[in-house]
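Working notes, beginning with the structure itself.
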Amino acid sequence: MPGRLSRRSLLAATVALPLVGLGSGCARPAGLASSAGGRVRITFWSALRGSKQVVDAFNRTQDRIEVVFQQIPSGDQGGYAKLSNAARAGNAPDVATLEYPQVPGFAIDGVARDITGLLSDGLRAKLLPRALGLTTFDNRVFSVPLDVEPMVMHYRTDLFAQYGLPIPRSWDEFAAVAGTVRDRAPGRRLVLFPTNGFLQFAAYAWQAGAQWFDTRGGVWNVSLADAATRRVSAYWQRLFEEDLIFANASPGRQSDAQISQGLVLVRLTGAWDAGAQMSSQPGQKGRWAIAPLPQWDPARPVVGTHGGSTFAVTKDSAHPEAAMEFIEWQVSSPDALRARLSSGASSQYPADPALVAVGRDTFNRSYYSGQDIYQLFETEAGKISDGWVWGPRMTATQHVMQDGFARASGGEGTILDAVREAQSATMPDLVALGLATSEHST
Amino acid sequence: MTTTALPPTPVHAAAPPGVRATARRGEHIACGVLMAPFFVLLIAVFLIPVGTAVWLSFFGNDRPGLGFGPAHTIFVGLRGYLAVLSDPTFLGALGTVVLYCVIYLPLIVVSALALALLLDSGAARLRSWVQLGLFLPHAVPGIIAALIWLYLYTPGISPVVALLGRADVTVDFLGVHAVLPAIVNIALWSNLGYNMVIFYSALQAVPREVIEAAVVDGAGPVRTALRIKTPLVRSSVVVVSLFSLIWALQLFTEPMLLSQSTSMISSRFSPSMYIYDAAFTRNNYGLAAAASVILLAATIALSYGVTRWTNRAPRELSR
Numbered sequence: 182m183p184g185r186l187s188r189r190s191l192l193a194a195t196v197a198l199p200l201v202g203l204g205s206g207c208a209r210p211a212g213l214a215s216s217a218g219g220r221v222r223i224t225f226w227s228a229l230r231g232s233k234q235v236v237d238a239f240n241r242t243q244d245r246i247e248v249v250f251q252q253i254p255s256g257d258q259g260g261y262a263k264l265s266n267a268a269r270a271g272n273a274p275d276v277a278t279l280e281y282p283q284v285p286g287f288a289i290d291g292v293a294r295d296i297t298g299l300l301s302d303g304l305r306a307k308l309l310p311r312a313l314g315l316t317t318f319d320n321r322v323f324s325v326p327l328d329v330e331p332m333v334m335h336y337r338t339d340l341f342a343q344y345g346l347p348i349p350r351s352w353d354e355f356a357a358v359a360g361t362v363r364d365r366a367p368g369r370r371l372v373l374f375p376t377n378g379f380l381q382f383a384a385y386a387w388q389a390g391a392q393w394f395d396t397r398g399g400v401w402n403v404s405l406a407d408a409a410t411r412r413v414s415a416y417w418q419r420l421f422e423e424d425l426i427f428a429n430a431s432p433g434r435q436s437d438a439q440i441s442q443g444l445v446l447v448r449l450t451g452a453w454d455a456g457a458q459m460s461s462q463p464g465q466k467g468r469w470a471i472a473p474l475p476q477w478d479p480a481r482p483v484v485g486t487h488g489g490s491t492f493a494v495t496k497d498s499a500h501p502e503a504a505m506e507f508i509e510w511q512v513s514s515p516d517a518l519r520a521r522l523s524s525g526a527s528s529q530y531p532a533d534p535a536l537v538a539v540g541r542d543t544f545n546r547s548y549y550s551g552q553d554i555y556q557l558f559e560t561e562a563g564k565i566s567d568g569w570v571w572g573p574r575m576t577a578t579q580h581v582m583q584d585g586f587a588r589a590s591g592g593e594g595t596i597l598d599a600v601r602e603a604q605s606a607t608m609p610d611l612v613a614l615g616l617a618t619s620e621h622s623t
Numbered sequence: 021m022t023t024t025a026l027p028p029t030p031v032h033a034a035a036p037p038g039v040r041a042t043a044r045r046g047e048h049i050a051c052g053v054l055m056a057p058f059f060v061l062l063i064a065v066f067l068i069p070v071g072t073a074v075w076l077s078f079f080g081n082d083r084p085g086l087g088f089g090p091a092h093t094i095f096v097g098l099r100g101y102l103a104v105l106s107d108p109t110f111l112g113a114l115g116t117v118v119l120y121c122v123i124y125l126p127l128i129v130v131s132a133l134a135l136a137l138l139l140d141s142g143a144a145r146l147r148s149w150v151q152l153g154l155f156l157p158h159a160v161p162g163i164i165a166a167l168i169w170l171y172l173y174t175p176g177i178s179p180v181v182a183l184l185g186r187a188d189v190t191v192d193f194l195g196v197h198a199v200l201p202a203i204v205n206i207a208l209w210s211n212l213g214y215n216m217v218i219f220y221s222a223l224q225a226v227p228r229e230v231i232e233a234a235v236v237d238g239a240g241p242v243r244t245a246l247r248i249k250t251p252l253v254r255s256s257v258v259v260v261s262l263f264s265l266i267w268a269l270q271l272f273t274e275p276m277l278l279s280q281s282t283s284m285i286s287s288r289f290s291p292s293m294y295i296y297d298a299a300f301t302r303n304n305y306g307l308a309a310a311a312s313v314i315l316l317a318a319t320i321a322l323s324y325g326v327t328r329w330t331n332r333a334p335r336e337l338s339r
């Protein structure tokens with residue numbers, strides 16, 4: 182039975198030979214990047230909307246550095262695997278795009294270079310300290326924040342008016358509104374709890390004061406199921422059990438239908454989603470507005486972030502200074518933001534507050550009936566609470582928690598069970614990596 | 021490979037000593053040449069990867085503390101193994117594959133044997149056609165088979181689900197309880213014909229006079245099949261069980277493909293998927309290597325156990 186035995190051998194071979202990467206997509210090793218006509222050539226990978234326009238604008242504005250841009254799949258679609266494999270094969274791009282939760286993992290794997298020394302004081306002073314704090318570990322900066330995305334409440338103005346709903350300011354009011362929606366429109370629900378919405382759930386927990394990871398004492402302290410997270414879990418579990426919300430995957434065919442047919446009235450997502458909504462549902466122009474996220478204590482408003490990206494210089498870069506110059510331009514130049522917003526699909530909230538005015542002037546407000554959403558984002562960004570830390574293996578933590586969410590949505594286990602499973606499945610990873618760890622509140 | 025241990029034929033015994041020695045040497049050379057490809061492949065695609073996995077499981081490229089410092093390769097001992105064995109998702113994956121074996125093994129062995137006995141006993145004209153029909157699925161590669169069944173399972177696309185829906189039967193083949201039986205079904209479909217052929221050829225070797233004697237003694241067809249033929253193809257039952265067990269422990273292709281369409285199959289559903297996830301999602305080679313070695317050891321131990329247990333039984337019976 183050779184076909185059968187060879188499969189085990191194949192498996193052993195794949196596990197044993199890490200050098201066989203899938204990074205062939207990068208045809209030319211970045212290390213060989215040469216000067217073309219006196220220009221330093223650097224490579225840049227990103228899945229972000231509008232990156233092409235930004236790179237074109239950069240290449241137009243100066244003649245010392247030429248950026249070669251490659252659009253890659255988003256992280257969960259294989260973008261991060263591609264980057265890991267390329268780094269393993271020694272041909273990672275000069276500049277890579279990392280979402281905040283991925284920064285510590287890529288830093289620990291040695292893919293993201295320590296750029297503390299390359300970061301100019303000018304740029305350091307410009308960036309929101311909270312954003313830079315998310316990419317700084319052990320007093321070392323590993324990535325430069327592009328945007329920081331406070332979680333906000335996108336809502337259907339027409340349906341809120343039709344059913345006479347108030348804008349909920351607190352989570353209690355939010356639950357009450359959810360009940361009203363179900364009673365007045367049995368086919369609709371106020372909101373969707375995405376079963377693959379680890380990042381949304383993290384933002385809810387962050388807002389409630391959770392601290393999933395911290396690095397006090399030079400140790401990764403892990404406490405996914407802390408008191409604040411238990412409170413958030415219980416809240417959403419109750420909404421789910423009382424049939425006040427949808428619980429399914431998003432994005433997906435079902436969730437697309439829920440948005441396009443107006444079955445959900447609210448999306449709780451980052452500021453960036455305003456632009457994504459414009460490009461995915463052009464027909465709903467004029468029906469959406471944006472409000473602050475409901476609060477646990479409206480007197481002391483706090484929010485977490487949902488989404489947001491950073492740029493890292495990789496270990497394989499032969500021109501880290503040039504890479505850093507391109508990054509600095511991307512995150513702090515008004516031209517860069519204008520170019521990105523010109524793609525018509527972005528509403529990113531820049532991590533450099535000086536650019537907010539540019540965003541406000543450039544963003545086409547017609548979809549949101551003229552609402553000054555950048556004004557709102559600015560207020561909300563000021564409420565982002567300090568001290569959140571992402572952990573070393575967030576993709577794995579995310580998968581396990583989402584598997585639990587999916588089971589909970591099928592009636593097996595609860596949201597809190599999913600959180601606990603995620604913690605117990607994360608610890609062996611950290612231990613096997615040789616990291617110093619401690620575990621709390623399981 | 022044990023054929024080389026056959027006793028020398030009488031021709032050799034009668035030959036003078038010098039001729040005998042030359043013949044021996046020739047035999048040894050032929051032996052070496054014929055067996056070389058096997059050993060080369062064994063070393064290249066089995067022993068070296070296994071050795072690498074064992075090495076990876078004991079040596080880590082560590083960055084101590086928070087992990088942001090420089091990396092050093094150090095001996096980490098059993099750390100990877102302890103991490104794997106303390107990981108509830110790995111233990112869950114082991115549990116899943118054990119449950120899978122408990123459902124799959126009896127089904128495949130009993131149904132393949134039953135089909136072979138049926139074919140052996142009658143329906144002579146249809147025999148070759150039935151054999152061909154049952155064997156064809158085995159010619160379909162595992163990935164293609166999983167894709168075909170994925171199509172048949174997915175609500176909204178599947179004609180089967182639609183047909184059942186028209187009869188007011190709602191089945192979610194990819195739901196939380198049905199997903200394991202759904203995978204067993206794919207495996208059965210792929211392997212039934214193959215194992216049936218093994219049993220059938222074993223049955224062909226059963227001496228006809230034994231069966232005639234049974235018939236003369238008044239045994240009906242069912243009794244002949246169960247009491248006479250089945251014990252005589254016992255060794256094939258052992259072989260089929262053993263290979264099916266090894267195959268089942270490596271459960272990977274089917275759940276990996278189905279996981280794209282159902283959130284009820286997690287990325288660590290079976291031990292093999294856990295290993296894949298550890299290596300390529302979590303970039304944790306030490307963990308993946310330790311889990312691979314554990315799976316290999318478990319497979320070897322179980323195979324050895326099955327062989328020992330089945331070999332001992334007839335000796336006890338004959339006492």
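Taken in order, these protein sequences are the chains called A and B.
Under our numbering, the first residue of the first sequence carries the number 182, and numbering increases by one thereafter.
Under our numbering, the first residue of the second sequence carries the number 21, and numbering increases by one thereafter.
Where is the CB? At the ideal position from N, CA and C, for every residue including glycine.
Collapsing the DSSP output to three states places A:ILE426 in coil. The bridge partners DSSP lists for A:HIS335 are A:ARG448 and A:ILE471. Minimum Cα-Cα distance from A:ALA520 among the listed residues A:ARG220, A:PRO274, A:SER232 and A:ASP437 corresponds to A:SER232. Just so you know, the alpha carbons of A:TRP393 and A:TRP571 end up roughly 8 Å apart.
Membership of A:ARG434 in the alpha helix (DSSP H) is indicated by the continuous run 434 to 441.
In the three-state DSSP reduction, A:PRO282 falls in the helix class (H, G or I). Among the residues of chain A, those whose CB is under 7 Å from the CB of B:PHE300 are ALA262, following chain order. Residue nearest to A:PRO331 within the set A:GLY563, A:LEU425, A:PRO501 and A:VAL248 is A:GLY563 (criterion: CA-CA distance). Against chain B, the CB of A:LEU614 has a partner CB under 8 Å away; the residue lies at that interface. Shown here for A:VAL235: same chain residues with a beta carbon closer than 7 Å to its own, the five before and five after excluded, namely GLN511, ALA517, ALA520 and ARG521 in chain order.
Its Cα nearest to that of B:LEU262, the residue B:ASN215 stands out among B:ARG83, B:ASN215, B:MET293 and B:SER131. Think of a sphere of 7 Å around the beta carbon of B:ASN303: the chain A residues whose beta carbon falls inside it are SER265 and ASP290, in chain order. Contact check for A:ALA366 against A:ALA391 fails: the beta carbons are separated by 8 Å or more. A straight line joining the alpha-carbon of B:ALA318 with that of A:PRO282 spans about 36 Å. Assigned with DSSP and collapsed to three states, A:SER414 falls in helix. Close partners of A:ALA606 in chain B (Cβ separation under 7 Å): ASP107, PRO108 and THR109. Interface annotation, B:SER256: not in contact with chain A, CB-CB separation never under 8 Å.
Between the alpha carbons of B:PHE193 and B:LEU278 lies a distance of about 11 Å. If you check each beta-carbon in the segment 578 to 592 of chain A against every beta-carbon of chain B, the ones closer than 7 Å belong to HIS580, VAL581, ASP584, ALA587, ARG588 and GLY591. Counting only runs that start and end inside the segment 304 to 357 of chain A, the alpha helix (DSSP H) elements of at least 4 residues fall at 310 to 314 and 338 to 343.
Within chain A, the residues placing a beta-carbon under 8 Å from that of B:MET284 are ALA587, ARG588 and GLY591, ordered along the chain. Neighbourhood of A:ALA430 in chain B, by CB distance below 8 Å: SER283, in chain order. Counting along the chain, B:ASN81 sits inside the beta strand (DSSP E) bounded by residues 79 to 82. Within the segment 373 to 419 of chain A, the runs of beta strand (DSSP E) that reach at least 3 residues and sit entirely inside it are, in chain order, 373 to 375 and 401 to 403.
In the DSSP assignment, B:THR93 falls outside any alpha helix (DSSP H) and within the unbroken beta strand (DSSP E) covering 92 to 95.
Residues are counted here when their Cβ sits less than 7 Å from a Cβ of chain A; for the segment 84 to 95 of chain B these are PRO84, GLY85, LEU86, GLY87, PHE88 and ALA91, given in chain order. About 7 Å separates the CB atoms of A:LEU279 and A:ALA293; that is less than 8 Å, so the two are in contact.
Linking A:THR396 to A:THR543 through their CA atoms gives a straight-line distance of about 39 Å. At least 8 Å separates the CB of A:PRO375 from every CB of chain B. Rounded to the nearest angstrom, the Cβ distance from A:ALA359 to A:LEU425 is 4 Å, consistent with a contact under 8 Å. Within the same chain, and ignoring the five residues on either side of B:HIS92 in sequence, the residues whose Cβ sits closer than 7 Å to its Cβ are ASP82. Taken atom to atom, the span from the alpha-carbon of B:PRO175 to that of B:TRP169 is near 12 Å. Between the alpha carbons of A:TRP453 and A:GLN418 lies a gap of roughly 27 Å. Taking C-alpha positions only, B:PRO179 is separated from A:GLY592 by approximately 27 Å. By alpha-carbon distance to A:PHE586, the top candidate from A:PHE225, A:ARG468, A:ASN272 and A:PRO375 is A:PRO375.
About 15 Å separates the beta carbon of B:VAL96 from that of B:ALA311, a gap too long to meet the 8 Å contact definition.
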